[in-house]
Amino acid sequence: MTQYVIRRVLAIIPVLFGISVLVFGLVHLIPGDVAQILLGTQATDQQLATLRRTFGLDRPLPIQYVDWLSHVLVGDFGVSFRTDRPVLPDLVQRFGVTLQLTLVSMLIALAVAIPLGAASAANRGKLSDGLSRVIALLGLSIPNFWLGTLLILFVSLVLHWLPPVGFVSLLDNPWLGIQTLILPALALGTAVAAFIMRMVRSSLLEVLRQDYIRTAHAKGLREFTVLYRHALKNAFIPVLTVIGVQVGYLLGGAVIIESIFSLPGMGRFLLDSISNRDYSIVQGGVLFIALIFCLVNLSVDLVYGWLDPRIRYE
Amino acid sequence: MLTILLTLVVACARAPEAPPATAVPTAAPTPAAAAKPTVPASAATPTNAPAAAPKTATTTASGTELVIGKDQEAPGLDPAKNPAQAATRVFDLMYSRLTRLDANMRPQPDLAQTWDISPDGKTYTFHLRQGVKFHNGRELTSADVKYTYERIINPDTASIAKSFFDPIDHIDAPDPSTVRIVLKEPNTPFLVNTAATWAGIVAREVVDANGGDLNKVDAGSGPFMLQEWTPDTRTVLVRNPNYYLPGQPAVDKITFLIMPDENARIAALRTGNVQFTVLSAAGFDTLKNDSSVKAVEGPTLSYAYLGMNVNKPPFDKPEVRQAISYAVDRNEIINSVFRGHARPTGPVPSAMADWAIDVSQIDTYTPNLDKARQLMADAGVSNVKTTMQAMSTLSYQVDAAQVIRSQLLKIGIDAEVQPLEVGVYVDNWKKKNMDLMVGGNGSGTNPDRAVCFFFCTDGSANVWNYTNPQVDSDGAEGRTATDQAAAKAVYTDAQKQIINDAPNLFLANQNQFLAYSPKLQNFTVMPDESWPGLITASLSS
Chain A
2 MTQYVIRRVL AIIPVLFGIS VLVFGLVHLI PGDVAQILLG TQATDQQLAT LRRTFGLDRP
62 LPIQYVDWLS HVLVGDFGVS FRTDRPVLPD LVQRFGVTLQ LTLVSMLIAL AVAIPLGAAS
122 AANRGKLSDG LSRVIALLGL SIPNFWLGTL LILFVSLVLH WLPPVGFVSL LDNPWLGIQT
182 LILPALALGT AVAAFIMRMV RSSLLEVLRQ DYIRTAHAKG LREFTVLYRH ALKNAFIPVL
242 TVIGVQVGYL LGGAVIIESI FSLPGMGRFL LDSISNRDYS IVQGGVLFIA LIFCLVNLSV
302 DLVYGWLDPR IRYE
Chain B
27 MLTILLTLVV ACARAPEAPP ATAVPTAAPT PAAAAKPTVP ASAATPTNAP AAAPKTATTT
87 ASGTELVIGK DQEAPGLDPA KNPAQAATRV FDLMYSRLTR LDANMRPQPD LAQTWDISPD
147 GKTYTFHLRQ GVKFHNGREL TSADVKYTYE RIINPDTASI AKSFFDPIDH IDAPDPSTVR
207 IVLKEPNTPF LVNTAATWAG IVAREVVDAN GGDLNKVDAG SGPFMLQEWT PDTRTVLVRN
267 PNYYLPGQPA VDKITFLIMP DENARIAALR TGNVQFTVLS AAGFDTLKND SSVKAVEGPT
327 LSYAYLGMNV NKPPFDKPEV RQAISYAVDR NEIINSVFRG HARPTGPVPS AMADWAIDVS
387 QIDTYTPNLD KARQLMADAG VSNVKTTMQA MSTLSYQVDA AQVIRSQLLK IGIDAEVQPL
447 EVGVYVDNWK KKNMDLMVGG NGSGTNPDRA VCFFFCTDGS ANVWNYTNPQ VDSDGAEGRT
507 ATDQAAAKAV YTDAQKQIIN DAPNLFLANQ NQFLAYSPKL QNFTVMPDES WPGLITASLS
567 S
């Protein structure tokens with residue numbers, strides 16, 4: 002098993018390498034002169050040339066790439082063209098915000114999706130099943146930015162229950178932090194919950210048809226025990242795949258939600274950097290997200306083994 | 027994996043840490059390398075308290091706090107280097123200048139209490155206020171003024187204000203409270219330019235301690251001091267207790283929160299989480315009937331335009347450009363794109379009261395399709411297929427382009443609207459290879475910029491390949507005129523020439539919109555969209 006993990010971790014390296022080439026190439030291919038955007042339309046040609054020289058933008062692309070990569074390998078992601086701040090600490094910090102948002106969103110999503118999906122599967126064909134499926138459909142269809150704005154309107158403006166915008170870290174002040182995260186997490190988590198709920202339902206329906214479930218019923222076990230102790234665990238693998246994909250996606254940053262709720266997360270950070278042609282941040286950021294995504298995938302694969310003892314790793 | 031996640035959470039998920047605010051300690055200023063944010067001795071509340079979200083009372087333990095919802099983050103706070111409004115709005119409050127503009131865009135005393143101008147218009151002698159202190163405690167003298175201007179002119183600083191002060195020949199500081207600036211030749215905009223936020227007087231030792239870059243620190247002597255700057259989250263300014271104008275500033279602390287989404291800003295204003303914010307026309311229309319907030323509208327010095335590449339057929343023919351001017355209905359654009367919150371304009375908006383001409387009676391501004399078609403026929407031009415570029419992120423530009431397209435179709439010009447991303451747009455703008463381009467200009471605070479920067483042959487923003495020797499000579503005369511009346515005459519002529527030649531159509535001079543809590547008093551709106559009103563504004567409780 003250890004060997005498997007090591008091999009998987011090593012396999013991440015060529016992936017990241019390929020991504021680094023891709024993102025470097027793509028970012029430099031976008032039309033638009035970095036120096037011009039940074040200095041504005043009134044910059045003189047001399048000022049533009051000075052800026053390009055400062056950031057090494059006048060060198061041939063392969064040399065710039067090698068230079069950047071060699072720094073990244075020792076942990077130096079460079080500095081932002083715009084603000085002169087080192088890229089990696091800011092990336093990590095912004096990622097922390099996105100991580101908190103993702104965690105709370107997933108918690109809400111799972112707390113809703115698993116019971117709803119399980120109840121739906123267990124009561125297949127009945128009214129509660131139909132209702133759950135309609136709710137899931139709504140959750141999938143409602144655009145999250147619209148939901149976010151609506152939540153601000155009702156929960157903050159009308160009911161005054163929660164603050165509309167802003168971010169407070171859970172580590173600095175858990176009570177305040179959760180207040181600032183609930184609304185965006187709800188806006189984001191709804192679609193995720195719907196996805197997961199449908200997966201739980203369909204996967205459970207498969208499992209519930211199995212013979213050993215009939216045996217469990219025959220033994221006289223309660224419905225709850227059958228469902229949650231026996232069926233769900235076995236139904237969980239496809240659900241886990243969906244969860245993994247959703248987590249990976251959320252960790253990339255939810256730009257619109259972050260803008261609406263003024264959360265200083267990864268999504269906004271990267272979007273602004275692309276507009277500003279802030280190459281260092283875009284390159285570093287995409288690489289960072291790729292790494293996270295690979296790690297999430299690896300974790301999901303490892304959890305498979307825990308869930309289903311039949312799965313072996315070679 | 028969980029361990030990795032947990033480690034990441036612990037290591038990185040703090041609320042963003044504030045970089046140290048170096049200029050504020052009362053001892054000699056410390057370099058920016060201090061590891062922990064220092065709590066300034068004279069400031070109000072501790073820095074790391076994440077006070078962003080909850081409904082805060084506007085009175086903290088030591089005074090009033092004004093929370094502002096800002097739409098964009100400043101890239102940096104160095105007054106010499108940052109053109110963006112998002113930045114100038116902040117360091118406008120941190121730095122004093124020789125003069126400041128009033129609401130009529132006229133220079134008034136700031137650091138300079140009085141000044142004399144020599145009869146030949148070349149020597150300006152400023153008499154400085156006594157006893158002004160920088161935020162680090164040191165007294166401000168004429169040597170600092172000299173240093174600041176020389177820093178701006180120095181090409182190594184790459185200051186965006188360099189061209190304003192290139193006319194300076196040399197600066198003398200004969201005594202600590204007198205500065206004499208001698209120009210190479212008379213320069214009409216010079217006095218107004220001394221009021222620019224970019225001419226904020228800086229403390230040399232802070233510049234040196236930070237490698238020549240003031241982007242993250244405070245080297246000012248203005249009404250507010252920088253306490254904390256957390257990019258993309260929060261900027262906190264506190265009152266300067268040594269500020270030289272009595273009773274100012276009226277609030278003890280200003281906190282800028284970055285909120286890109288307008289609906290969120292409106293919500294935050296209504297719940298009281300912020301007390302001041304900037305709006306679009308749509309936001310203003312939403313709030314103007316809401317009695318819980320005060321929504322105000324004011325003129326600006328910016329306008330939307332339709333630019334035409336004077337080198338590209340058929341726009342090289344003046345008749346075609348005039349035809350376009352007759353075909354474009356500016357009022358339709360004002361009503362549909364700007365919802366009536368704009369007015370017709372020339373290259374000098376009416377808020378620059380001393381210099382703008384009256385455009386209400388101009389013939390080519392009155393839509394006249396017959397004349398337009400006649401002009402097109404005279405020019406022998408028909409069935410034109412061309413492109414019209416606009417910046418995709420600015421909805422007024424794309425909307426105006428759509429309206430113009432429909433208006434131009436009536437005279438046989440099919441202009442395909444091309445919304446472009448900002449980098450691509452700027453690229454095309456710079457390369458001067460567009461056909462038609464919708465854009466926006468900030469005409470600035472003086473007629474030299476409004477006229478010559480954009481329309482003189484060697485104007486840096488003249489990307490239309492437009493050249494008119496009369497405009498050039500008007501510009502040169504106006505810039506060096508020593509007499510206001512003479513300057514006004516030539517600038518009036520230049521404006522008429524430009525409107526007649528029509529390298530640009532001036533579509534509309536739009537308004538700015540602000541909204542704030544009714545508890546905010548004494549705030550005046552400035553046409554240049556800066557917020558110095560925050561210095562005199564007070565918050566009642």
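Just so you know, the protein sequences line up as chains A and B, in that order. Per this note's numbering, the first sequence starts with residue 2, numbered consecutively. Per this note's numbering, the second sequence starts with residue 27, numbered consecutively. Heads up, the beta-carbon is just placed ideally off N, CA and C, and yes, glycines get one too.
Give a yes or no on whether the C-beta atoms belonging to residue i and residue j are separated by under 7 angstroms.
| i | j | result |
| --- | --- | --- |
| G246/B | M120/B | yes |
| V201/A | A232/A | no |
| A184/B | W224/B | no |
| A114/A | L148/A | no |
| N535/B | R369/B | yes |
| L531/B | I359/B | no |
| L205/A | A236/A | yes |
| G95/B | L313/B | no |
| A426/B | L434/B | no |
| P275/B | R260/B | no |
| A195/A | G253/A | no |
| Y492/B | G504/B | no |
| A291/A | I31/A | no |
| H367/B | A307/B | yes |
| A349/B | L401/B | yes |
| V73/A | S281/A | no |
On the premise that residue j lies in contact with residue i, defined as a C-beta separation below 8 angstroms, what is that separation, rounded to the nearest angstrom?
| i | j | result |
| --- | --- | --- |
| K242/B | L103/B | 7 angstroms |
| T204/B | L154/B | 7 angstroms |
| V578/B | S276/A | Since the first residue shown for chain B is 27 and the last is 567, residue 578/B is missing from the structure and cannot be characterised. |
| V363/B | Y270/B | At roughly 44 angstroms, the Cβ-Cβ gap does not stay under 8 angstroms, so V363/B and Y270/B are not in contact. |
| R115/B | W557/B | 5 angstroms |
| P553/B | P325/B | 5 angstroms |
| L209/B | I194/B | 6 angstroms |
| Y173/B | F191/B | That pair is no contact at about 13 angstroms. |
| R47/A | P181/B | Residue identity check: residue 47/A is Gln in the sequence provided, not Arg. Indeed, because the Cβ distance is near 7 angstroms, the residues count as touching under 8 angstroms. |
| I261/A | A541/B | Not really, about 18 angstroms apart at Cβ, beyond 8 angstroms. |
| F539/B | A293/B | In fact, because the Cβ distance is near 16 angstroms, the residues do not count as touching under 8 angstroms. |
Which partner residues of residue i appear in the DSSP bridge assignment?
| i | result |
| --- | --- |
| Q134/B | R126/B |
| Q444/B | Q415/B |
| V205/B | F152/B |
| N467/B | Y329/B |
| K96/B | I284/B |
| Q536/B | A368/B |
| V262/B | E254/B, T281/B |
Comparing alpha-carbon positions, which option in the options lies nearest residue i?
| i | options | result |
| --- | --- | --- |
| F302/B | M552/B, K545/B, P553/B | K545/B |
| I227/B | F282/B, F160/B, T149/B | F160/B |
| C295/A | Q4/A, T3/A, M2/A, L11/A | L11/A |
| P185/A | T55/A, R199/A, V35/A, L264/A | L264/A |
| T149/B | G95/B, N213/B, P135/B, F190/B | N213/B |
| V4/B | D287/B, R399/B, S418/B | Here chain B comprises residues numbered 27 to 567, so residue 4/B is not present and cannot be evaluated. |
| Q111/B | A222/B, D234/B, N236/B | A222/B |
| S121/A | A110/A, V135/A, D273/A, L154/A | V135/A |
| G167/A | V98/A, R311/A, L74/A | V98/A |
| N576/B | G157/B, I525/B, A512/B | The question about residue 576/B has no answer here: the residues shown for chain B are numbered 27 through 567. |
| L124/B | S418/B, T371/B, P101/B, V158/B | V158/B |
Please determine whether the Cβ atom of residue i lies at a distance below 6 angstroms from any heavy atom of the ligand MN.
| i | result |
| --- | --- |
| Q134/B | With respect to small molecules bound, the structure shown includes none, and the ligand MN cannot be examined in it. |
The region 100 to 115 of chain B: positions lying closer than 7 angstroms to chain A by Cβ: P101, G102, P109
Members of the region 62 to 87 of chain A near chain B, C-beta cut-off 8 angstroms: R83, T84, D85, R86
Which residues, taken in chain order from the region 274 to 300 of chain B, show a beta carbon closer than 7 angstroms to some beta carbon of chain A? L283, I284, M285, P286, D287, N289, A290, A293, A294, R296, T297, N299
Any residues in the region 164 to 175 of chain A with a beta carbon nearer than 9 angstroms to a beta carbon of chain D? Which ones, in chain order? Note that chain D does not occur in the displayed structure, where the protein chains are A and B.
Which residues, taken in chain order from the region 249 to 271 of chain A, show a beta carbon closer than 8 angstroms to some beta carbon of chain B? S260, I261, F262, S263, P265, R269, F270
Along the region 438 to 465 of chain B, where does the CB come closer than 7 angstroms to a CB of chain A? Name the residues. V448, G449, V450, V452, D453, W455, K456
Relative to chain B, which residues along the region 132 to 159 of chain A have a C-beta separation below 8 angstroms, given in chain order? T150, I153, L154, S157, L158
In chain order, what residues of the region 187 to 213 of chain A put their CB closer than 7 angstroms to some CB of chain B? none
Counting only Cβ-Cβ distances shorter than 8 angstroms, please list the residues of the region 280 to 294 of chain A near chain B, keeping chain order. none
At a Cβ cut of 7 angstroms, what residues of the region 240 to 271 of chain B count as close to chain A, listed as they run along the chain? N241, P257, D258, T259
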